[in-house]
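Asker: Protein sequences, first through last, are from chains A and B.
Heads up: the first sequence is residues 1 to 510, going by the numbering used here.
Heads up: the second sequence is residues 511 to 665, going by the numbering used here.
Note that CB positions come from ideal geometry on N, CA and C, so glycine has one too.
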Amino acid sequence: MEMFTTAISNVFNPMCLFLIWGGTMLGIVFGSIPGLSATMAVVLFLPLTFGMEPTMGLALLVGLYMGGISGGLISAILLKIPGTPSSISTVFDGGPMAERGEAGRALGVGILASGIGSLIGIVALIFISPLLAKVCLLFGATEYFAVAVFSLTIIAALSGKDMLKGLLAGLFGLALSMVGMAPVDAMSRFTFGNYQLLSGFDITVLLIGVFAVTDIVQAGINRKHLADGFEKKTYHLKGYGLSMKEFITQIPNFIISSVIGIVIGILPGIGGSTGGLLAYTAEKSRSKHPEKFGTGIIDGVIASETANNAVIGGSMVPLLCMGIPGNTVAAIFLGGLLVHGISPGPLIFQNSGEYVYGIYLALIVSTIFMVIFERLGLPIFTKLLDIPKHILLPIIMVMCCVGAFSSDSRAFDVICVLAFAMIGLLFKTFKLPSTPLIIGFILGPMFEENLRRALMASHGDWTTFVTHPISCVFLVVAVVFCTVTVRKNLKEKRAAEAKGEVFDTAEEEG
Amino acid sequence: MNSKQLDVLCSAIFLVFGGLMLKFSLSIRHIIPTDVGSGYVPIFLSICILVTAGAKLALTLLDKKPPKAAAKSDSDLAGGLGTVGLMLLYVIAFEPVGFLLSSMVYLFAQILLMSNRDNRRPVLFAAISVALPVGIALLFAYVIKMPLPVGILGF
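1) Once you ignore the five residues that flank residue 411 of chain A on each side, which residues in its own chain have a CB closer than 8 Å to its CB?
2) Taking a cut of 8 Å between CB atoms, which residues from the region 607-632 of chain B lie near chain A?
3) Expressed to the nearest angstrom, what Euclidean distance is found between the alpha-carbon atoms of residue 607 of chain B and residue 409 of chain A?
4) Quick one: what does DSSP say residue 513 of chain A is sitting in, helix, strand or coil?
5) Who are the neighbours of residue 566 of chain B on chain A, taking C-beta pairs under 8 Å?
6) At the 8 Å Cβ level, is residue 211 of chain A part of the contact set with chain B, yes or no?
7) Does residue 189 of chain A come out as helix, strand or coil in the three-state DSSP assignment?
8) Give me the residue from A/419, A/362, A/123 with the minimum Cα distance to residue 202 of chain A.
9) Given this structure, state the Cα-to-Cα distance separating residue 295 of chain A from residue 541 of chain B, to the nearest angstrom.
10) Residues in the same chain with beta-carbon distance under 7 Å from residue 563 of chain B, minus the five sequence neighbours each way, listed in chain order, please.
11) Distance check for residue 334 of chain A and residue 504 of chain A, CA to CA, integer angstroms please.
12) Does the distance from the C-beta atom of residue 277 of chain A to that of residue 439 of chain A stay below 8 Å?
13) Alpha carbons only, please: which of B/561, B/532, B/639, B/646 is nearest the one belonging to residue 548 of chain B?
14) Would you kindly report the start and end of the unbroken alpha helix (DSSP H) that includes residue 550 of chain B?
15) Tell me the DSSP bridge mates of residue 180 of chain A?
16) Whole-angstrom Cβ separation of residue 265 of chain A and residue 280 of chain A, contact assumed at under 8 Å?
17) From the DSSP output, in three-state form, read off residue 291 of chain A for me.
18) By the 8 Å beta-carbon criterion, what residues does the region 585-609 of chain B contribute toward chain A?
19) Does the beta carbon of residue 56 of chain A come closer than 8 Å to any beta carbon on chain B?
20) Quick one: what does DSSP say residue 516 of chain B is sitting in, helix, strand or coil?
21) Taking the CB atoms as reference points, tell me whether residue 336 of chain A and residue 57 of chain A lie closer together than 8 Å.
22) Residue 511 of chain A to residue 515 of chain B, Cα distance in whole Å?
23) Taking contact to mean at least 3 C-beta pairs separated by less than 8 Å, is the region 57-73 of chain A in contact with the region 9-23 of chain A?
24) Between A/54, A/86, A/244, which lies nearest to residue 67 of chain A when the distance is taken from Cα to Cα?
25) Would you please verify whether the beta carbon of residue 174 of chain A is less than 8 Å from any beta carbon of chain B?
26) How close, in whole Å, do the beta carbons of residue 165 of chain A and residue 432 of chain A come, if the pair is a contact with beta carbons under 8 Å?
27) For the region 520-534 of chain B, list every residue whose C-beta sits within 7 Å of some C-beta in chain A, in sequence order.
28) Give me the chain A residues within the contact set of residue 559 of chain B, using Cβ-Cβ distance strictly less than 8 Å, ordered along the chain.
29) Smallest Cα separation from residue 387 of chain A: which of B/648, B/634, B/645, B/662?
30) Let's see if you can read the secondary structure: which residues bound the alpha helix (DSSP H) around residue 659 of chain B?
31) Name, going along the chain, the residues of the region 396-412 of chain A whose beta-carbon falls closer than 8 Å to a beta-carbon of chain C.
32) I'd like to know whether the C-beta atoms of residue 112 of chain A and residue 17 of chain A end up nearer to each other than 8 Å.
33) Comparing C-alpha positions only, which one of A/496, A/131, A/123, A/486 sits nearest to residue 258 of chain A?
34) Do we get a CB-CB distance below 8 Å when we pair residue 563 of chain B with the residues of chain A?
35) Can you name the start and end residues of the alpha helix (DSSP H) that residue 10 of chain A belongs to?
36) Is residue 192 of chain A buried or exposed, if buried means 16 or more other CB atoms sit within 10 Å of its CB?
This is the structure:
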């Protein structure tokens with residue numbers, strides 16, 4: 001109790017509150033600009049916290065993390081470019097909503113969902129973290145491999161109507177993740193003598209190339225129609241764009257997506273992007289009108305934003321209780337804790353309790369600031385839509401190149417952005433879905449490393465994946481999920497053919 | 511190209527990619543005896559790519575339904591090639607020429623290329639092309655403390 005009282009007095013002083021507010025605002029700016037990210041915000045400001053009192057330094061980092069994850073929704077909705085990898089699935093429905101003139105509503109709903117997801121994640125962190133941490137202790141390489149396989153099965157659900165094309169895209173993403181030094185033995189693969197390829201491709205660079213620059217090239221191809229239908233966007237938004245009735249209807253979505261986000265956050269190696277995508281897929285599968293997903297409905301925005309913000313609380317669970325970072329930002333945050341002399345682990349509550357409670361409080365305050373100030377800033381954020389596309393798109397290209405360069409301070413990444421844009425253009429030409437490519441790329445290293453570690457531990461015995469109960473459950477769920485998706489797809493195809501309609505197998509996902 | 515021709519071409523590209531990946535994967539050395547090796551997963555993936563692309567090719571060729579005709583498009587090849595060309599020059603010049611100069615030239619040329627007669631305002635375009643890179647460079651140099659490439663001209 002004494003530690004909690006100390007934490008309250010540390011956090012609720014004007015300077016600390018200002019740092020949380022400043023961190024949250026800066027995080028939103030970093031998150032909203034494609035190429036900059038929550039990770040970058042935390043990395044860049046980490047050295048600034050070294051001279052601060054621990055609670056204040058950690059409060060600033062918490063604000064940057066929270067704002068950075070939530071800020072991604074702004075460009076995801078207004079520009080159809082995810083500001084951070086966490087917001088990939090927000091584009092699916094947020095983009096079409098903005099095109100329909102509902103940018104304000106999409107943003108309002110997204111902000112509210114971010115706030116609710118964050119709060120549920122924090123509650124989970126506070127109350128059930130010790131329990132979940134115990135379960136996580138049971139996970140080894142075998143279980144993580146099974147989790148990767150299960151996560152890869154979402155490719156089936158995101159492949160649109162042509163599963164083979166989705167599979168090819170996912171396999172290509174996995175292949176791209178193989179470039180560079182291999183896990184376990186650090187053998188160089190597919191580098192062709194180029195030392196720049198030793199560290200592999202950066203996910204930010206791939207995302208910028210495939211999602212942002214491809215669109216700019218396409219705009220160049222369609223430049224005659226760039227000004228067509230261009231008019232200054234206006235929006236009408238009351239509150240957060242959600243009526244009480246709609247809010248009540250969405251409560252299961254909030255809860256399920258938050259739980260998915262928390263679980264994904266707790267599992268090391270899986271970030272907010274997977275959390276958002278999984279929640280989006282789960283909501284689509286659960287929905288009575290799955291065909292509307294991708295056309296611009298709030299369900300998709302809510303699922304994605306609730307989950308990717310719930311990841312924050314989830315990622316803090318293994319970080320604080322075991323010193324295991326759930327994702328990249330959490331890894332940087334771990335560095336911040338160590339710098340301030342706080343050793344994460346089972347004894348953290350006894351040794352540094354006031355700082356842990358300080359982090360909890362800073363997370364709650366940052367969530368409140370984020371929900372209030374991101375909403376208040378909406379008139380400014382939506383102004384982005386008023387900039388004519390022939391001016392906005394080249395500006396975005398410059399920002400993308402800056403973002404790619406700053407991810408690792410090397411010009412090679414800037415060239416890679418263009419290479420990935422060309423791949424993205426080929427994908428669009430062949431009507432190959434690009435989301436499975438990203439999922440494959442993200443999960444590739446986790447899939448390979450844990451497969452090899454598990455097989456080394458079992459002396460090459462493949463039955464290890466079915467003899468471990470947790471692994472077996474994940475693999476069975478993966479098989480069931482895949483089977484259900486394939487059957488659903490075939491059923492729709494037969495139904496369309498029975499009606500004499502053309503089932504266009506070459507159609508990309510929404 | 512109609513949808514069938516595009517699918518055949520797509521499958522063929524992936525077959526070639528899978529074949530090349532398999533060829534290079536087979537040459538990856540295996541150094542830890544108890545490990546499956548760094549070439550294991552790439553070999554597995556390349557076989558999966560070959561099988562999937564082969565299946566896609568077979569299904570496309572066996573499909574008796576008339577292919578979907580390519581949609582009529584008045585897309586502008588010059589605009590597309592121009593955009594890619596400008597981007598290529600920009601990313602190549604980014605480090606040797608420096609962020610400021612390369613971005614100014616790229617921005618002006620790209621905005622000009624994407625604009626039409628009705629909305630072409632060269633003075634405004636020039637002002638944006640100068641102000642934005644300067645603003646970004648100052649932000650990175652003094653706030654974020656991560657200087658962007660200065661190039662051979664020193665700025």
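Answerer: The short version:
1) 405
2) 609, 613, 616, 617, 620, 621, 623, 624, 625, 626, 628, 629
3) 16 Å
4) It is not possible to answer for residue 513 of chain A, since the shown part of chain A is limited to 1 through 510.
5) 164, 165, 168
6) no
7) strand
8) A/419
9) 51 Å
10) 521, 524, 525, 528
11) Below a pLDDT of 50, predicted positions are generally treated as unreliable, and residue 504 of chain A, at 49, falls in that range; the measurement from the model is reported next regardless. C-alpha separation (whole angstroms): 49 Å.
12) yes
13) B/532
14) 550-572
15) A/189
16) 16 Å between Cβ atoms; not a contact.
17) helix
18) 585, 586, 587, 589, 590, 592, 593, 594, 597, 598, 600, 601, 602, 604, 605, 609
19) no
20) helix
21) yes
22) Residue 511 of chain A lies beyond the stretch modelled for chain A, which goes from 1 to 510, so this question has no answer here.
23) yes
24) A/86
25) yes
26) 5 Å
27) 520, 524, 531, 534
28) 168, 171, 172, 175
29) B/634
30) Counting along the chain, residue 659 of chain B falls outside any alpha helix (DSSP H), and DSSP gives it neither H nor E.
31) In the structure shown, chain C does not exist; the protein chains are A and B.
32) no
33) A/123
34) yes
35) 2-11
36) exposed
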